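Below you'll find the structure, written out as structure tokens, and then a few comments.
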Amino acid sequence: MSSILVLNGPNLNMLGIREPGVYGSQTLSDIETQLREAGARAGASLSFYQSNYEGALLDEIHAAYGRHDGILINPGAYTHTSIALRDGIASVGLPTVEVHLSNIHKRESFRHTSMLAPVCIGQIAGFGAYGYELGLLALLRHLQSSGR
Ligand code: CA2
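Here the numbering used here is used: position 26 in the sequence shown is 57, and no number is missing along the way.
If you want it as structure tokens, here you go:
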């Protein structure tokens, strides 16, 4: 059974509370419940962590080394700024998929660049909460095909 760490960055704890037009009406806890069910169907065990602090997210990435098989991450606004998270993902060498609720490429230009994308297998953006499920399935398929 694959073990996946699901990381969520800053402000994602506010989902479903404000701006439902941009990010949907589901809370992060709703998304985690759905994802846990999808993981169970696919035979994966999931661990969840959210933080508004870059260093805390980085610590969790480091702790995943030797403990999890892959990472699913919505880095929030750190997507566009964090060389530290990018280096952290590279340092543990775990297959990682980047997920965004919104299509960052059709929003403000400062959201078009992801610092993390070059160290991720791929990115899913614009499908709302369903994107987490798509990302999880893509990550599990990758792990299966690479024999991990
Ligand atoms: O589309 C995404 O998933 C984002 O990662 C969400 C981030 C944003 O900074 C990224 O550019 C794209 C924002 C996190 C959610 O922020 C909220 C703001 C208001 C109400 C609820 C959540």
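Note that CB positions come from ideal geometry on N, CA and C, so glycine has one too.
The structure displayed is predicted, hence computed values, not measured ones.
Distance between Glu-91 and Leu-103, taken at the CA atoms: about 12 Å. Its chain contains Leu-103, Val-128, Val-130, Ile-155 as the residues whose beta carbon lies nearer than 7 Å to that of Gly-166, once the 5 sequence neighbours on both sides are disregarded; these appear in chain order.
For the set Ala-160, Gly-119, His-143, Ile-35, the Cα lying nearest the Cα of Ala-73 is the one of Ile-35. Here the C-alpha atom of Arg-117 lies approximately 5 Å from the C-alpha atom of Leu-147. Taking all protein chains shown into account, Thr-110 has 16 or more neighbouring C-beta atoms within 10 Å of its C-beta and is therefore buried. Closest in alpha carbon position to Ser-56, among Gln-81, Leu-170, Gly-159, Gln-65, is Gly-159. In the DSSP secondary-structure assignment, Phe-79 is bridged to Val-37.
Classified as buried, Tyr-54 has 16 or more neighbouring CB atoms from the shown chains inside 10 Å of its CB.
Annotation for Thr-64: the continuous alpha helix (DSSP H) segment containing it runs 59 to 73. The beta carbons of Thr-58 and Gly-47 sit closer together than 8 Å.
DSSP lists Asn-39 as the bridge partner or partners of Asn-105. In this structure, the beta-carbon distance from Tyr-96 to Leu-77 does not fall below 8 Å. Measuring C-alpha to C-alpha distances from Gly-70 to each of Pro-106, Asn-39, Met-32 identifies Met-32 as the nearest.
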